[in-house]
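What follows is a set of notes on a single structure, which appears directly below.
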Amino acid sequence: MPFLIDGHNLIAAMPGISLSDLDDERALVQHLAHFARRTRRSITVYFDRGSLLAPNLSGGAGVKVHFVRSPRTADDALRAHLERLNREASNWTVVSSDREVQRAARQAGARVVDSQSFAAELAPGGSDQAEIGKPEPSLSSDEIEAWERLFHKRGSEGQESSS
2 MPFLIDGHNL IAAMPGISLS DLDDERALVQ HLAHFARRTR RSITVYFDRG
52 SLLAPNLSGG AGVKVHFVRS PRTADDALRA HLERLNREAS NWTVVSSDRE
102 VQRAARQAGA RVVDSQSFAA ELAPGGSDQA EIGKPEPSLS SDEIEAWERL
152 FHKRGSEGQE SSS
């Protein structure tokens with residue numbers, strides 16, 4: 002499941018990176034590149050305030066970096082990206098704590114993760130299993146109970162026949 006990320010929103014949640022740092026975007030992209038390699042997931046990140054002078058920042062394999070020029074914002078670009086994805090948006094995870102971006106992502110069918118939760122995954126010692134990008138299980142509690150009864154029943158039958 003690929004990730005669509007609100008860059009400056011995520012920087013604000015990252016320990017050790019500040020929005021006032023001159024290299025804040027580069028520092029985040031390095032974290033994202035490591036995460037992309039570790040999880041084998043692709044990442045697209047949008048930053049505000051892109052200009053002709055925006056850094057020529059490459060995330061390497063697995064990370065696409067976009068700087069959005071004024072008057073547009075990264076939020077505008079994220080919503081437009083979701084619209085272009087159309088039905089495929091349900092295959093993506095959007096990382097942002099911005100309520101409007103989250104609402105647009107949910108309406109498009111994308112999974113939403115807040116920036117603080119994703120920042121914890123990027124930190125040293127974050128989950129190597131990348132649970133954050135896995136979809137939630139879709140079984141109801143009744144279905145889970147039915148499967149548990151079935152497995153328990155089969156397990157009991159196996160014990161009786163081996164005696």
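In the working numbering, the protein residues as written are 2 to 164.
Quick reminder that beta carbons are idealized off the backbone N, C-alpha and C, glycines included.
Query: Judging by CA-CA distance, which residue of Ser97, Arg70, Arg112 is the nearest neighbour of arginine 88?; Result: Arg112
Query: Which value, in whole angstroms, describes the spacing of the CA atoms of alanine 90 and proline 3?; Result: 10 angstroms
Query: Per DSSP, which one or two residues make a beta bridge with arginine 112?; Result: Thr94
Query: Answer with buried or exposed for serine 52, where buried requires no fewer than 16 other C-beta atoms within 10 angstroms of its C-beta.; Result: Low confidence applies here, because serine 52 scores a pLDDT of 48, under 50, leaving its location unreliable and the question unanswered by this model.
Query: Quick check on DSSP: helix, strand or coil for arginine 39?; Result: helix
Query: Which residue's Cα is closest to the Cα of glycine 110: Ser43, Leu79, Thr94, Lys65?; Result: Thr94
Query: What's the C-alpha gap between alanine 147 and asparagine 92?; Result: 29 angstroms
Query: Tell me which residue opens and which closes the alpha helix (DSSP H) that leucine 83 is part of.; Result: 75-86
Query: Can the beta-carbon of aspartate 115 be found closer than 7 angstroms to that of alanine 75?; Result: no
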